[in-house]
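Residue numbers (UniProt numbering), protein chains in the order written: chain A, 1 to 345; chain B, 1 to 338.
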C-alpha cells in the first residue's frame, strides 16, 4: 500500500475479490488533556452487499466512534487514527485525499443518526434539506431537486409528501423525522448505510415501522447495512451477523443464530442472561457485576477481566487474541471453550 | 407479594387537562391537552403496578399527579384513606412522606453542587421530624449501604459516580423517609443494558425488605413484566387494559396491547421470519383532539361504526378474564403465535 494521499476513487461495478466494506485492525484514540482515551483498539469487521451487520455494545464501547471513522466525520484532533485500514471496495479510505473522501461520504457510504431532531437543521424546510443532497452532489436545479425530495419522501412513506415537503422539522413527529433522515441518507443510492441507534429514541410501535422500512429499502437496493445498537431484541430481529464490542474491541463476532444459541464470550453471555425471561420471573436477574471500564485506564490483559466469572490468572496479564472458533465465528476470550460449553467456574 | 389486601393507594376518575391558550394580553382558552383523562386503579401494600404506553400517552403526567406535583382537573388520589389532591400545607407535607419518586435520568435529577450525603439527607431537612439532626449522617450512611454503595463515599459529588450508581443514589433518596409507595418513572431506561439488571434486582430486593408498593412506569415491556404483579396499558390518557402480568402478556384482549406486544423485538432470532407482527400505521393522534368514541379506532384494524360513536369502558368483558376497553375485545396470544 502507498502511504501518501491519493485521489483515486474506489471502483464501481463488480466487487471482484474485495468485500464491500472492511474495517481492519482500526485504532482510534482521543488525545485529551486528561490523557489518551483509547476508544477503539483494533476493530475488524466487514459487510457485504445486502448484508446486515449489527454492532452491539454499550455506551463507550467504541461502536459509534468506529462508524464516525468510516464516515470520516471524526474531529481530528483530538481524534487520531494511529493504525488500521478502512477498505471500501478494496481502497483504503484513510489514505484518500479529503476531496476524494467527500466524493465517497454521503454518496456511497451514508449514515443515519440517533437523534433526528438534533441532526436536522431547524431553520430549513425538510424538502430543502433533502434536496440539498441533489443540489450539492448532483448539481441539479432547485426545482428538479425539490421534485426528487418529494419522490424520496414518498419512498420512505411520509403521507402527503407533496405538501409536507415545505414543513420544518419541528412539525414532524419523532418517527417521521427519522424517516426524513433515512430519505436523506438513501438519496444518492449509497452502497453502505450506517445506522447509528436509529430507533433508540422512538416508541416500540414506531420502531417496528422504521425497522421494516429499512429492511425493505435494503431489499430493493442491496445496500450493506451496519446497524449500531445496544438492543438485543432489534439485533435478533434483523441482523445476519453480529459483532459485539467491549472497551473498543470486538470481543465476539458470529452469525446471528450462533450467538444467541451459544455465545462464546462471557460478556455476550452475560448480556443475554440479563434479559428478563418469563420462566424466571420472581427470581433475581443475572447481572454482570461491576462497571464498564474507564477508557483512560483500561484494565490490563483482557479488558473484561474485572467483571468476568471465567477469569483466570493469565486474563489479568495477557490480552486474548481473537480466537477463530469456526470459519465465521471468533471470540476474544482465552477460555471460549468453557464459555461455549456453559461451565461457569 | 401481598395483593388483595387493603389498598394503600386508590385513584378514582383522575383527569388532568392542560389548557391551551391563545393571545398574549387577553388569554383565552382554545382547548386542552387531555394528558390524563379518566384513570382509576388501586394499589395494595407491597404490590407493583406496571404502567406501559408510548411517549405522550400521559404516564409521566399521571406520576406527577400521584405525587401531588400537579393538581388534577378532577378526580381523587387517596393515599391511606386521605385524598392527597385536596390536602394543603402541613397535611400535604405529611402525606408526601408516604409517597416518593425515583426519576428517569440520574444525570439531571441529582444536583451537581450537592454531595451525595446532602442529596440523600435533604428529605430530612424538609421533614425534620423524620430524623433528629445528630442521627442524619448515620441514617444516610445506612441508606447508602442498603442500595449497595460504599458508605464512605458520603462526601463525594454525583459526577464521581457512574449512571447506575447515580440511580442508586436517587433510589436511596426515595427511601429516606421510609415511604410505603414509590413511583418509579422509567428508572432504568437511561442505563446501559448490563447495569439495568443490577438496578432492577435492587428494586426487587428493596420491595421485599421494606414491603414497598411500586408504580413502575416504563416503555420496556420485558422489564415491566419481570417486576410487575399487575400491568396497565395506557393510550392517549386512558387505561385500555388492566390485569395481572400473565393476563396482559399471554392473553391480551385489546388490539393496542396486542400490537404493542407484537412490536417488541424478541431477543431470539429463532423463527423470526414466522413471527406474527402487527405493524400499526401512523402515529398516535394528538391528545388535544382525541378521536371520538374509542381513541384507538384511527389505528385499529377492528374498528367499526360503534367505535366512533360509543366509548368503550374499561370493564370485564365476555370471554376475557380481566378489564379491557374495547368493544371487540378478544384474547389472542401474539407473542407465542405464529
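Glycine included, each C-beta is placed from N, C-alpha and C at the ideal position.
What you are looking at is a predicted structure, and each value in this text was computed from that prediction instead of being measured.
Of all the residues that make up the segment 171 to 200 of chain B, which are near chain A by a beta-carbon distance shorter than 7 angstroms?
-> 192, 193, 194, 197, 198, 200
Does any residue of chain A bring its CB to less than 8 angstroms from the CB of residue 219 (chain B)?
-> yes
CA nearest to the CA of residue 50 (chain A), picked from A:76, A:193, A:99 | A:193
DSSP-derived helix/strand/coil call for residue 211 (chain A) | helix
Using the beta-carbon count (16 or more within 10 Å), is residue 236 (chain A) buried or exposed?
-> buried
Are the beta-carbon atoms belonging to residue 154 (chain B) and residue 116 (chain B) less than 8 angstroms from one another?
-> yes
Delimiting residues of the alpha helix (DSSP H) encompassing residue 257 (chain A) | 256 to 261
What residues in its chain sit with their C-beta under 6 angstroms from that of residue 49 (chain B), if we drop five residues either side in the sequence?
-> 43, 215, 230
What does residue 281 (chain A) touch in chain B if you count any residue whose Cβ is under 8 angstroms from its own?
-> 225, 226, 245
Run the CB neighbour count on residue 30 (chain A), radius 10 Å, all protein chains shown included, and call it buried at 16 or more, exposed below.
-> buried
What do you get for residue 4 (chain A), buried or exposed, if any count of 16 or more other CB atoms within 10 angstroms of its CB means buried?
-> Bear in mind that the predicted position of residue 4 (chain A) carries a pLDDT of just 45, short of 50, making it unreliable; the figure below should be weighed with that in mind. Exposed, since its Cβ has fewer than 16 Cβ neighbours within 10 Å.
Inter-residue Cα distance where the pair is residue 308 (chain A) and residue 22 (chain B) | 60 angstroms
Rank A:41, A:101, A:22 by C-alpha distance to the C-alpha of residue 250 (chain A) and give the top, closest one.
-> A:41
Integer-rounded CB distance, given that residue 208 (chain A) should sit under 8 angstroms from residue 238 (chain A) = With a Cβ gap of about 11 angstroms, residue 238 (chain A) and residue 208 (chain A) do not count as contacting.
Proximal residues, the segment 33 to 61 of chain A versus chain B, C-beta separation under 8 angstroms | 58, 59
So, is residue 334 (chain B) buried or exposed, given that buried needs 16 or more other C-beta atoms within 10 angstroms?
-> buried
Would you check if the distance between the CB atom of residue 73 (chain B) and the CB atom of residue 28 (chain B) is smaller than 8 angstroms?
-> no
Beta-carbon of residue 427 (chain B) versus every beta-carbon of chain A: anything under 8 angstroms?
-> Chain B is shown from 1 up to 338; residue 427 (chain B) falls before or after that span and cannot be answered.
Can you tell me whether residue 1 (chain A) is buried or exposed, with buried defined as 16 or more other CB within 10 angstroms of its CB?
-> Bear in mind that a pLDDT of 41 at residue 1 (chain A), under 50, signals an unreliable position, so the model cannot answer this.
Option in B:88, B:219, B:20 with minimal Cα separation from residue 233 (chain B) = B:219
Using a Cβ-Cβ cut-off of less than 9 angstroms, list which residues of the segment 269 to 286 of chain B approach chain A; keep chain order.
-> 269, 270, 272, 275, 277, 278, 279, 280, 281, 282, 283, 284
Would you mind telling me which residues of chain B sit closer than 7 angstroms to residue 205 (chain A), beta carbon to beta carbon, in chain order?
-> 54, 259, 260, 263, 280
Alpha-carbon to alpha-carbon, residue 198 (chain B) and residue 289 (chain A) = 8 angstroms
Between residue 266 (chain B) and chain A, is there a C-beta pair that is closer than 8 angstroms?
-> yes
Along chain A, in chain order, which residues have C-beta atoms closer than 7 angstroms to that of residue 162 (chain B)?
-> 291
Does any CB atom of chain A fall closer than 8 angstroms to the CB of residue 204 (chain B)?
-> yes
Cutoff 8 angstroms; reference residue 120 (chain A); Cβ partners in own chain excluding five residues on either side = 126, 129, 169, 177, 180, 181
Do the CB positions of residue 43 (chain A) and residue 66 (chain A) come within less than 8 angstroms of each other?
-> yes
Cα-Cα separation, residue 326 (chain A) to residue 223 (chain B) | 35 angstroms
Quick one: is residue 254 (chain B) buried, meaning 16 or more other Cβ sit within 10 Å of its Cβ, or exposed?
-> buried
Counterpart residues of residue 228 (chain A) in DSSP-defined beta bridges | A:55, A:196
Which term fits residue 269 (chain A), buried or exposed, when burial requires 16 or more other beta carbons within 10 angstroms of its beta carbon?
-> buried
Cα-Cα separation, residue 311 (chain B) to residue 163 (chain B) = 43 angstroms
Within the 8 angstroms Cβ cut-off, does residue 303 (chain A) reach chain B?
-> no
Output the boundary residues of the beta strand (DSSP E) element that contains residue 150 (chain B).
-> No beta strand (DSSP E) contains residue 150 (chain B), which DSSP labels as neither H nor E.
Span of the alpha helix (DSSP H) holding residue 191 (chain A)?
-> Premise fails: residue 191 (chain A) is in no alpha helix (DSSP H) and is neither H nor E.
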